[in-house]
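> Going by this note's numbering, the first residue of the sequence shown is number -1, and it counts up by one from there.
My questions will all concern the structure given below.
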Amino acid sequence: MTGISIRPLTLHDRGAWEVLWRENLAHFVAVAGDVASETMPVLWDRLMAEGEPLQGWLILRQGVPAGLAHVVLRLHSFSARPVGIVEDLWVSAPARRQGLAEACIAHLQRAGRAQGWVRLEWETDADNLAAQALYDRLATAAPVKRYRIDLI
């Protein structure tokens, strides 16, 4: 995993982040254009604001932006420490299967320990078998089933 680095997003990363975020949206959201134009400025502002529970990370390969991660810190009723929830972990198609996602998860573990998180957790689509193969090596699948009710 040489040549891979992960660092917090900065104001100077807006252009690279936007390209990667649009790729992610196009892959996962059928109406990516609408979602991007509606939410991108708000999301970027949250990522840059101090005190927000949202953190952004840039994944670089040989110094070139190749992926991103967004982590939301949330309070937990069973712990005084926050839980780090990986909301997004995206690696651009040309950079996949080169250890970037694994390096990012390892980096987030170190960051979480340093910041006092009780754990790091995330979810993936049931049909995302490539990601699940990696996650099964790195983590323990949670014994829960998640439910949701869309409100908008």
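Just so it is clear, CB atoms sit at the ideal spot from N, CA and C, and this is done for glycine as well.
Please name the residue or residues paired with Ile4 in a DSSP beta bridge.
Per DSSP, Ile57.
> Are three or more beta carbon pairs between the region 8 to 16 and the region 78 to 95 nearer than 8 Å?
Touching, no, given that fewer than three Cβ pairs across the two stretches are closer than 8 Å.
> Any idea which residues DSSP pairs Trp115 with across the strands?
Its beta-bridge partners do not exist; DSSP assigns none.
> Would the beta-carbon of Arg59 fall within 8 Å of that of Ala93?
In contact: Arg59 and Ala93 (Cβ atoms closer than 8 Å).
> Just checking, does the region 129 to 148 make contact with the region 108 to 115 on the three C-beta pairs under 8 Å criterion?
These segments do not touch.
> In whole angstroms, give me the CA-to-CA distance for Pro39 and Arg20.
If you take the alpha carbons of Pro39 and Arg20, they lie about 12 Å apart.
> Among Ala34, Val69, Val27, which residue has its Cα nearest to the Cα of Arg5?
Considering only alpha carbons, the answer is Val69.
> Going by other Cβ atoms of all chains shown within 10 Å of its Cβ, with 16 needed for buried, is Asn126 buried or exposed?
Exposed, since its Cβ has fewer than 16 Cβ neighbours within 10 Å.
> Verify whether the separation of the beta carbon atoms of Leu7 and Leu45 is less than 8 Å.
A contact, by the Cβ cut-off of 8 Å.
> Since Glu85 is in the beta strand (DSSP E), which residue starts that stretch and which ends it?
Start and end: 77 to 89.
> Is DSSP giving Leu149 helix, strand or coil here?
Residue state, collapsed to three classes: coil.
> How far does the beta strand (DSSP E) with Arg12 in it reach, from first residue to last?
First-last for Arg12: 12 to 26, but that is the alpha helix (DSSP H), not the beta strand (DSSP E).
> DSSP three-state label for Arg95, please.
Note: Arg95 maps to coil in three-state DSSP.
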